[in-house]
Structure formats: C-alpha cells, structure tokens
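Residue numbers (my numbering), protein chains in the order written: chain A, 57 to 357; chain B, 3 to 282.
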Amino acid sequence: MDLSLTIRGRRLENPVGVASGTFGYGSEYESLIDIDAIGALYTKAVTLEPRPGNAMPRIVETAAGMLNSIGLANVGSRRFVTEKFPFLSQRRCAVIVNVAGSAEEDYCQTLEYLEENAPLWGYEINVSCPNVKHGGISIGSDPHQVESLTAALRKLTERPIIVKLSPNVTDITEPARAAEAGGADALTCINTVVGMMIDTRRKAPVIPGVTGGLSGPAIFPIGLAAVYRTARAVRIPVIGLGGIMEADHAIQYLLAGASAIQIGTANFVDPEVTGNVLDGIYRFAERERIEAIEDFHQFID
Amino acid sequence: MEHHATLVLRNRSIAKDYYELLFAWPEGLEPPKPGQFLTIRIADIAMPLLRRPFAVSGYDSRSKTAGIIYQRVGPATRMLAAADAGDMLDMLIPLGNWFPEPEPDATPVLVAGGIGMGPIFYFARSVRAQMLRSADRRSVGRRSPEQRAENREPVLVLGARNVAYLPTEDVLEGLEPVICTDDGSRGFAGTVVDYLKSAGVGKEAEAVLYACGPNPMLEALAAFAAERKLPLWVSMEQTMGCAVGACMGCAIPVHGPARYARVCTEGPVFDAKEIVWTSR
C-alpha cells in the first residue's frame with residue numbers, strides 16, 4: 057500500500073497534513089508530537105510585512121465549533137526567513153508555506169522573497185481568509201482574480217502551488233476551475249465558513265470585527281460537499297479539510313474525492329490527532345484492499 | 003509541556019460556584035511553578051470542543067498532588083464539576099510562564115480577586131515557604147508578629163463580591179488573607195485597591211505587587227501601582243485555542259511594535275506596564 061501523493065514531482069509521504077493557522081510554524085508542537093511523521097505541515101500564513109492581527113477576543117466557542125478572527129497575525133516574510141525557516145528547513149516532512157496578501161502584488165513579492173530566501177516543499181495560496189479587509193476572500197470569491205493571481209505566481213516558481221479556496225461563495229467550482237486554469241497544481245477545500253455570535257448581555261458582536269471564520273466539527277458536512285463537487289470539476293488533486301476530528305471523517309473526505317486531507321481545529325483539542333487519523337486511514341485501506349489514494353475515489357460517482 | 007491522563011483525587015465545592023479539583027501530578031513531570039496553567043479536554047465529544055485553561059492553585063511536593071480552583075460558569079465547567087475521585091482527565095501540562103520570585107529585600111503584596119485566587123494562593127504558599135526557609139537560617143525558634151514583619155512576609159489580600167464567594171476555611175489554611183468584600187458582608191468593605199490605599203500598603207518603596215483577578219480589578223491595581231511606582235505582575239486570562247502558542251487566538255494588547263502578546267506563551271504573567279488596559 058502506498059498512500060503518498062505526488063504534486064508537480066514532489067511527494068507527500070502520507071495523506072494527513074496539519075492546516076495553516078492551527079499549527080503555528082511547527083516548533084510550537086515539537087515537544088508534543090513527532091512533527092516529521094506528519095504528511096504535510098502548512099505554516100501559519102506569511103505576509104510580506106508583519107501583521108499584528110485583529111482586536112480581542114479573537115476566538116469564541118460555538119456549537120461543535122469555534123469562531124475565529126485572528127486577522128493573519130504573523131511575523132512577516134523577513135522574520136519568517138530568519139526565525140522560522142531554520143527550524144522548518146530541517147524537517148523531514150513536507151513544509152508548505154501558506155502565503156497571504158492584500159493584493160496580487162503582495163502575494164507575488166512574498167512568494168518571490170520566499171523562493172529566494174526560504175525554499176521549502178511548496179506554497180499554499182490563501183485567497184480565502186474571511187477576517188481581513190483586503191485580499192483573502194475578496195480575491196478568492198472572484199474567479200478572474202483567482203486565475204490572474206495564480207498565473208502571476210506560476211511564473212515565479214517551479215515548486216507546487218496549492219490554492220486554498222473559500223466555501224463562502226455561491227459555487228466553489230468557479231474559483232476552483234479558475235485556479236486550475238491559472239496553473240495551480242492542487243486545491244485546498246475549505247477555509248473557514250463566515251459566522252457570527254452576539255453577546256446578548258452587551259448587545260454587541262462577540263468578535264469586534266463582527267464576523268469570524270467558523271471551524272471544527274460543525275463545518276464538516278460543508279467541507280465534504282465542497283470537496284465532492286470540486287473534485288468533479290477539476291483534474292488537479294483536491295486536499296480536503298473542515299471539521300476532521302477522527303479517521304472516519306478523513307476517510308469520508310478521501311471517498312468524496314480528496315487526495316489528501318488537513319487537520320485544523322482538532323489539533324487544539326488533541327495534539328496527537330494526526331497520528332491517530334493516519335493509523336485509522338491505513339487500517340481502513342488495508343481492510344478494504346485499497347492500494348493507492350486513487351482507489352478511494354472509485355466508490356462514489 | 004506534556005500531554006497526560008491524570009487521576010482526579012478530589013473535586014468539591016469550596017464557595018458559591020467555586021470548586022477545587024485535586025489531581026495526581028504525572029510521574030517524572032517537572033513540578034508546576036506558581037502562575038503556570040494547564041488545559042483540560044473536558045469531554046471526548048464535540049461539545050464542549052476546546053480544551054479549557056486553568057491556573058494551578060497548589061502543588062504538594064511530598065504527595066505529588068496539584069490542584070486547580072475553578073468557577074462553574076457554563077456547560078464545560080458544569081461537566082468538570084461532575085468529575086469524581088478516580089476519574090481521569092486529559093491535560094496539557096504545565097503551560098506558560100510564572101510569577102518572578104520577589105527579591106530578598108522586597109515585601110511581596112499578593113492580591114487575588116474572585117476566581118483569581120487559585121494561582122495567587124499557590125504563589126503565596128510558595129513565597130511563604132521560601133521565606134520561612136531563609137528566615138530559619140537567620141533565627142531559630144518561634145517567631146513573633148514583629149519578627150514576621152521584619153522577615154517581610156507576604157501580604158495576601160483576597161477580594162470577593164460577597165461572603166458567598168469566599169472559600170471554606172480549609173482552603174485558606176496557613177494563608178491568613180486580608181478579606182475584602184464589595185458589599186462589606188465580610189472583612190473590609192470595598193475593593194482590594196480601596197483596601198491597599200486605606201491600609202497604606204505599598205508606602206514602603208520595596209513592595210512588589212502580584213495579582214490575578216477580573217480585568218477591571220487588575221486595571222485599577224495597575225493604576226495604583228503606577229501612581230506609587232511599584233512593580234506589579236499580573237496573571238491574565240483570555241479565551242484560548244491551542245494554548246501552546248500556535249493559533250494566536252489568546253492575544254491581549256500590549257505596548258510595543260508587536261501590539262499583541264499571547265497569554266499562553268508570553269504570559270499568562272505579565273509586567274502590568276506592558277499591558278494596554280482596555281476594561282474601562
């Protein structure tokens with residue numbers, strides 16, 4: 057059995073990754089788990105300049121989920137190179153840098169800078185953050201901008217480009233096709249779902265920015281449907297996430313058409329979840345005589 | 003920081019809505035320092051989802067037991083309040099930084115507000131034990147109150163809304179706190195800052211303040227400390243995602259270029275001067 061995935065000539069040894077924004081820059085979890093055993097480590101988003109992030113509170117728990125509005129708080133590309141890259145470059149697992157920006161130019165400058173100074177496995181392009189005024193989902197919900205941005209980034213690197221899509225659109229297959237047309241090597245579905253909570257005592261939104269991004273088990277069926285539809289609309293691999301808490305959820309994503317998965321919020325709940333999910337996938341594959349990732353895709357039309 | 007299943011030894015109500023939970027400290031794990039915290043995965047289901055952070059309220063090195071004092075406020079703490087001796091709890095432990103030890107010539111003034119009593123009680127016991135050890139080196143035998151003062155033993159102030167929120171006597175054993183209640187139902191009538199002002203605490207330049215409690219109390223205390231030019235260390239609280247520094251969720255505003263600091267990693271203990279106070 058070989059459940060690895062090759063994207064643009066580069067391998068992901070196993071299908072279980074950790075989602076951007078939930079795993080910092082890796083070293084935060086070093087004392088808790090074997091990071092090298094993860095299939096792919098998607099870093100916290102990196103922007104050209106450092107960003108302080110949004111006002112507090114940034115997190116509120118919801119029914120079977122959590123709403124966050126972190127606001128892409130990150131150290132910026134220069135400190136990423138000096139402070140985070142040394143640790144990440146020593147990892148045996150695939151390290152995929154999540155790149156974010158306010159406009160096409162930002163993304164390009166950031167990727168160019170990283171390509172030069174912090175070459176890693178590849179890039180995940182964040183066009184789906186719901187918590188920033190510019191960039192993020194404002195690009196990701198417009199197929200023209202998605203295609204144009206992907207095409208511009210394609211010219212800057214031979215490393216894999218994975219475009220991370222938002223579920224906050226009428227038809228997710230439109231930005232998906234646009235990213236493929238622009239030259240993306242794979243797609244990630246889904247980023248968080250826009251949500252809101254109000255504190256009735258204060259009669260005000262809990263999150264100062266009013267809305268946030270919903271993650272956790274509450275969004276699992278939304279992510280699964282998005283992957284199911286996207287995988288049928290494009291020829292490139294789809295990486296599924298949204299609400300995976302256990303192996304059965306990950307297997308559902310693979311059966312729906314995902315070629316790999318990511319675990320996000322569940323890392324907060326159980327730091328060892330990635331290893332447990334991977335074990336569960338291997339056990340299922342063995343029982344079902346599945347030899348390769350594509351074999352998962354043969355059951356559901 | 004390690005991930006452990008820990009054994010609950012006792013879990014009981016100690017005041018209105020307040021509980022103390024004692025558990026066996028994991029074998030071979032470094033002891034917690036006063037101010038550090040832990041997180042508990044309350045249930046093996048999706049609701050409540052996130053781990054909940056609690057400050058360590060005590061540690062006994064002989065029996066290797068530790069505790070937390072927590073308030074029953076919502077579904078998660080209601081479930082925790084139902085835990086019994088013999089149950090196992092899923093903990094990330096120990097987390098965060100700790101209260102810096104007072105200089106030998108300083109008079110520590112420890113201030114707890116409401117459920118903030120947990121880490122302050124632990125710190126008070128730890129400071130007192132350390133001072134007794136150094137006092138023993140100076141003089142042998144029983145000490146008079148005057149000698150205690152001379153030894154600069156810590157002052158402990160506990161503020162509560164009313165008498166119902168004061169813990170049972172056994173929880174306070176050996177702590178001898180000055181009690182303040184907002185409604186005057188026990189001890190000093192007024193806030194902890196009112197008390198500090200009226201008692202002239204901190205007139206001596208060598209006083210150093212340590213506090214944990216609701217943000218408005220900490221903010222008032224920060225103003226008091228700034229006015230008297232006294233150092234103040236505060237233990238802060240914030241909703242947490244990961245509690246290990248990865249998610250940037252538990253940020254609080256601080257002065258300086260970064261603008262925010264993570265309570266779980268840069269804290270929970272901060273120099274009050276670093277914090278941009280926003281509770282008013």
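Think of the CB as a built atom: it goes at the ideal place given N, C-alpha and C, for glycine as much as any other residue. These figures come from a predicted structure and were not determined experimentally.
Per the C-alpha coordinates, the member of A:H305, A:T118, A:V74 positioned closest to L97 (chain A) is A:V74. Secondary structure at C164 (chain A): helix, using DSSP grouped into helix, strand and coil.
Under the three-state reduction of DSSP output, Y72 (chain B) falls in the strand class. Under the three-pair Cβ rule at 8 Å, the region 253-268 of chain B counts as touching the region 101-110 of chain A. In the DSSP assignment, E221 (chain B) falls within the alpha helix (DSSP H) that extends over 217-229. Taking 8 Å as the cut-off, the Cβ atoms of A341 (chain A) and M57 (chain A) count as close.
Its chain contains A68, G69, F123, Y124, R127 as the residues whose beta carbon lies nearer than 7 Å to that of G60 (chain B), once the 5 sequence neighbours on both sides are disregarded; these appear in chain order.
W235 (chain B) has B:Y212, B:D273 as its beta-bridge partners, per DSSP. Put simply, the backbone Cα of G251 (chain A) is about 13 Å away from that of A120 (chain A). Residues of chain A with a Cβ closer than 7 Å to the Cβ of H257 (chain B) do not exist, since the nearest Cβ in that chain sits about 12 Å away. For G157 (chain A), no alpha helix (DSSP H) run applies, since DSSP gives it neither H nor E. Interface with chain B (8 Å Cβ-Cβ cutoff): T78 (chain A) is included. Ranking A:Y338, A:F355, A:I195 by CA distance to the CA of A312 (chain A) puts A:F355 first. In the DSSP secondary-structure assignment, A75 (chain A) is not bridged to any residue. S125 (chain A) is positioned such that its CB atom lies no closer than 8 Å to that of N173 (chain A).
When A:G157, A:G95, A:L61, A:E117 are compared, the shortest CA-CA separation from T103 (chain A) is found for A:G157. Chain A has a Cβ within less than 8 Å of the Cβ of A253 (chain B).
When only Cα atoms are considered, Y20 (chain B) and Q318 (chain A) end up about 39 Å apart.
Contacts between A274 (chain B) and chain A, judged by CB atoms closer than 7 Å, are missing: the closest CB pair is about 17 Å apart. According to the DSSP assignment, R339 (chain A) belongs to the alpha helix (DSSP H) that extends over 329-343.
Annotation for E328 (chain A): I89 place their beta carbon closer than 7 Å to its own, counting only its chain and skipping 5 residues before and after. Checking the DSSP bridge columns, you'll see M93 (chain B) partnered with B:H6, B:I42. The C-beta separation of I63 (chain A) from A242 (chain A) comes to about 5 Å, placing the pair in contact by the 8 Å criterion.
For the region 233-249 of chain B, the set of residues with a beta-carbon nearer than 9 Å to any beta-carbon of chain A comprises Q240, T241, M242, G243, C244, A245, V246, G247, A248, C249, in chain order. Of the other Cβ atoms in all chains shown, 16 or more fall within 10 Å of the Cβ of G196 (chain A); this residue is therefore buried. Just measuring C-alpha positions, the residue of A:E347, A:D326, A:D351 sitting nearest I42 (chain B) is A:D326. In this structure, the straight-line span from the alpha carbon of A281 (chain A) to that of R66 (chain A) is close to 27 Å. Taking all protein chains shown into account, A209 (chain B) has 16 or more neighbouring C-beta atoms within 10 Å of its C-beta and is therefore buried.
Interface residue (Cβ-Cβ distance to chain A less than 8 Å): M49 (chain B) is classified as such. Each residue's CA atom was taken as its position, placing C185 (chain A) and P223 (chain A) some 10 Å apart.
Counting every other CB atom within 10 Å of its CB across the protein chains shown gives T248 (chain A) a total of 16 or more, marking it as buried.
Of all residues in the region 308-325 of chain A, those with a C-beta nearer than 8 Å to a C-beta of chain B are T321, N323, F324, V325, reading in chain order. Sequence-ordered contacts of the region 52-80 of chain B with chain A read L52, R53 [C-beta pairs closer than 7 Å]. According to DSSP, residue pairing for P110 (chain B) in a beta bridge involves B:V210.
In this structure, V111 (chain B) sits near V203 (chain B), with a CB-CB distance shorter than 8 Å.
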